[in-house]
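Student: Handing you this structure, nothing more for now.
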Amino acid sequence: MTESTSPAIRRAAIVGTGGIATAHAAALSELAGRVELVAGVDIDPARAAAFAEKWSITRTYPDITSLLENEELDLVHICTPPGSHVPLAIACLRAGVTPLIEKPPALSLAEMDELAAVQRETGVPVLTVFQHRFGSGAIQLRSLLERGVLGRPLIASCDTLWYRDAEYFSVPWRGNWDIEGGGPTMGHGIHQFDLLLSILGEWDEVTAVAGRQSRPTDTEDVSAALVRFANGAIATVINSVVSARETSHLRFDFEHATVELDHLYGYSNSNWTVTPAGPDQTITRAWADGMGNNTSGHTSQIEAILDALDTGAAPGVSLAAARSTMEFVAAVYASSFTGRRIKRGDIGPGDPFYASMLGSGAPWLAPAEGAGVPA
Numbered sequence: 053m054t055e056s057t058s059p060a061i062r063r064a065a066i067v068g069t070g071g072i073a074t075a076h077a078a079a080l081s082e083l084a085g086r087v088e089l090v091a092g093v094d095i096d097p098a099r100a101a102a103f104a105e106k107w108s109i110t111r112t113y114p115d116i117t118s119l120l121e122n123e124e125l126d127l128v129h130i131c132t133p134p135g136s137h138v139p140l141a142i143a144c145l146r147a148g149v150t151p152l153i154e155k156p157p158a159l160s161l162a163e164m165d166e167l168a169a170v171q172r173e174t175g176v177p178v179l180t181v182f183q184h185r186f187g188s189g190a191i192q193l194r195s196l197l198e199r200g201v202l203g204r205p206l207i208a209s210c211d212t213l214w215y216r217d218a219e220y221f222s223v224p225w226r227g228n229w230d231i232e233g234g235g236p237t238m239g240h241g242i243h244q245f246d247l248l249l250s251i252l253g254e255w256d257e258v259t260a261v262a263g264r265q266s267r268p269t270d271t272e273d274v275s276a277a278l279v280r281f282a283n284g285a286i287a288t289v290i291n292s293v294v295s296a297r298e299t300s301h302l303r304f305d306f307e308h309a310t311v312e313l314d315h316l317y318g319y320s321n322s323n324w325t326v327t328p329a330g331p332d333q334t335i336t337r338a339w340a341d342g343m344g345n346n347t348s349g350h351t352s353q354i355e356a357i358l359d360a361l362d363t364g365a366a367p368g369v370s371l372a373a374a375r376s377t378m379e380f381v382a383a384v385y386a387s388s389f390t391g392r393r394i395k396r397g398d399i400g401p402g403d404p405f406y407a408s409m410l411g412s413g414a415p416w417l418a419p420a421e422g423a424g425v426p427a
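The numbering used here runs 52 ahead of the 1-based position in the sequence shown.
Quick look at the structure:
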């Protein structure tokens with residue numbers, strides 16, 4: 053008789069114990085028995101100690117080097133400000149440990165390609181946090197679309213209308229091109245339009261505008277884009293941190309139905325609405341048939357990662373998938389700041405928007421404020 057063996061309990065650490073680390077720690081706690089949070093890293097000892105006490109972590113470290121030298125790990129959750137994501141992830145790759153990087157995974161396409169080069173060199177995968185892909189509604193929508201139930205995608209809209217006040221931007225790295233990499237296009241709406249892209253597939257071209265309407269930032273506080281997809285669908289994407297009535301809204305109009313999602317920072321099945329194009333309720337029944345019950349939080353994505361690791365499958369979201377989303381971000385900035393229509397593939401080495409989302413410079417910044425812009 054062959055004894056069955058249970059999958060190994062994975063060992064995880066969190067680097068950066070600020071606000072978003074709480075979501076990661078809570079998700080790991082919910083998945084206890086499959087993964088153990090064994091260590092935390094922060095340059096602030098008091099903050100690290102408080103985080104460790106809250107989440108019953110026995111060891112903390114002041115830097116990634118100390119962590120990797122002293123711990124045997126399967127996953128390192130990178131929850132630091134965006135400007136440090138890539139060097140931290142590369143340290144993990146060179147130590148043979150998979151990094152899971154919070155959004156945005158990098159500051160530029162150049163950094164994404166640097167990560168890809170080290171990934172190829174080490175053979176260790178880079179994973180990125182785009183948890184909205186893993187809610188049951190998104191999974192069901194992709195399935196119905198792939199099976200042809202909904203017909204061809206025609207038009208869509210993706211609105212991330214959030215509100216962040218001056219106190220929010222008092223944190224020094226927020227609203228800063230060099231550290232945060234961009235405004236709501238880079239750091240807020242990215243979750244919603246990543247979900248949009250995961251449904252509609254490869255985008256083909258972008259025309260966009262961005263502005264600094266009222267917030268005390270170097271980055272934009274609003275942007276709006278018109279997008280054409282390779283399959284012919286057309287979408288609008290709006291990102292804002294100046295909208296008092298906050299909402300995250302996606303709408304997809306297919307040949308046979310409209311599918312809508314209304315939520316704020318995460319969704320469940322109840323946040324979705326399906327409206328058939330006619331009286332036939334086939335699509336309504338198909339939507340309900342086999343629907344899971346995952347919300348779109350970090351727990352769902354990390355659970356999917358653990359499932360993939362246990363079965364030997366490739367876990368998501370891969371660096372290649374994240375690069376498509378980051379290329380879309382770069383295209384929004386490039387179109388906004390140059391007035392050009394940007395085709396997929398236009399932004400490569402030598403283009404200013406390849407090295408920095410600020411590219412050739414935001415029109416509201418004086419030359420001195422655009423310091424660090426590639427020549």
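Heads up, the beta-carbon is just placed ideally off N, CA and C, and yes, glycines get one too.
For clarity, every value in this text was computed on a predicted model and none was experimentally measured.
Can you give me the start and stop residues for the alpha helix (DSSP H) that Asn122 sits inside?
Tutor: If you look at Asn122, you'll find it in the alpha helix (DSSP H) that goes 116-122.
Student: Please work out which residues of its chain come closer than 6 Å, Cβ to Cβ, to Gln244, disregarding the five sequence neighbours upstream and downstream, and give them in chain order.
Tutor: So the list reads Cys210, Thr212, Ser300, once near-sequence residues are dropped.
Student: Opposite Leu313 in the DSSP bridges: which residues?
Tutor: Leu302, Trp324
Student: Leaving out the 5 sequence neighbours to the left and right, which residues in its chain are closer than 6 Å to Met53 when beta-carbon positions are compared?
Tutor: Only weak support is given to the placement of Met53: the predicted model assigns it a pLDDT of 43, under 50, and the question is left unresolved by the model.
Student: Please report the distance separating the alpha-carbon of Gly68 from that of Ser266.
Tutor: 30 Å
Student: Taking the runs of the alpha helix (DSSP H) that are 4 residues or longer, which of them lie wholly in the segment 369-404?
Tutor: Taking only runs of at least 4 residues, the alpha helix (DSSP H) segments lying wholly in the segment 369-404 are 371-390.
Student: Identify every run of the alpha helix (DSSP H) within the segment 197-252, keeping only runs that are complete inside it and at least 4 residues long; order them along the chain.
Tutor: 236-239, 242-252
Student: Select from Ala143, Asp398, Leu371, Leu125 the residue whose C-alpha is nearest the C-alpha of Val459.
Tutor: Any question about residue 459 goes unanswered here, given that the chain covers just 53 to 427.
Student: Rounded to whole angstroms, what's the CA-CA distance from Ala273 to Leu248? Just pull it up for me.
Tutor: Residue 273 is actually Asp in this sequence, not Ala. Their backbone Cα atoms lie some 21 Å apart in a straight line.
Student: Taking DSSP as the reference, what is the three-state secondary structure of Trp255?
Tutor: Note: Trp255 maps to strand in three-state DSSP.
Student: From Leu152, Trp107, Pro134, pick the residue whose C-alpha is nearest to that of Asp126; which is it?
Tutor: Leu152
Student: In or out: Glu163 buried (at least 16 other Cβ within 10 Å) or exposed?
Tutor: buried
Student: In chain order, what are the residue ranges of uninterrupted beta strand (DSSP E) at least 3 long that sit wholly in the segment 116-172?
Tutor: Correct list: 127-130, 150-153.
Student: What do you get for Ser222, buried or exposed, if any count of 16 or more other CB atoms within 10 angstroms of its CB means buried?
Tutor: exposed
Student: If you run the structure through DSSP and keep just helix, strand and coil, what is Ser352?
Tutor: Reduced to three states, the DSSP call for Ser352 is helix.
Student: Where does Gly424 land, buried or exposed, given buried means 16+ other C-beta within 10 angstroms?
Tutor: Because Gly424 carries a pLDDT of 42, less than 50, the predicted location of this residue cannot be relied on, and the following value inherits that uncertainty. Counting Cβ neighbours within 10 Å, Gly424 comes out exposed, since fewer than 16 surround it.
Student: Which residue from Pro328, Ser292, Tyr319 puts its Cα closest to that of Phe304?
Tutor: Pro328
Student: Taking Cβ to Cβ, would you say Val170 is nearer than 8 Å to Thr150?
Tutor: no
Student: Could you give the C-beta distance for Val289 and Val311, rounded to a whole number, given that I count them as a contact under 8 Å?
Tutor: Not really, about 17 Å apart at Cβ, beyond 8 Å.
Student: Three or more C-beta pairs closer than 8 Å, one from the segment 213-232 and one from the segment 329-346: is that the case here?
Tutor: Taking 8 Å as the limit for Cβ pairs, the verdict is that the segment 329-346 does not touch the segment 213-232.
Student: For Ala420, count the other beta carbons within 10 Å of its own beta carbon; 16 or more makes it buried, fewer makes it exposed. Which is it?
Tutor: Confidence at Ala420 is low in this model, with a pLDDT of 49, below 50, so the placement of that residue is unreliable and no value is reported for it.
Student: Can you pull the DSSP bridge partners for Asn291?
Tutor: Thr212, Ser275
Student: Report the option in Ala365, Thr377, Ala98, Asp230 whose CA atom is closest to the CA atom of Glu254.
Tutor: For the residues Ala365, Thr377, Ala98, Asp230, the minimum Cα distance to Glu254 belongs to Thr377.
Student: Let me check understanding here. Comparing Cα to Cα, which of Asn321, Asn291, Asp359 lies closest to Ser58?
Tutor: Asp359
Student: Starting from the Cα of Gly92, find the closest Cα among Thr334, Asp341, Ala73 and give me that residue.
Tutor: Ala73
Student: With a CB to CB cut of under 6 Å and the five nearest residues on each side skipped, what residues in its chain are close to Pro415?
Tutor: none
Student: Under three-state DSSP, which class holds Arg185?
Tutor: In this structure, Arg185 counts as helix in the three-state DSSP scheme.
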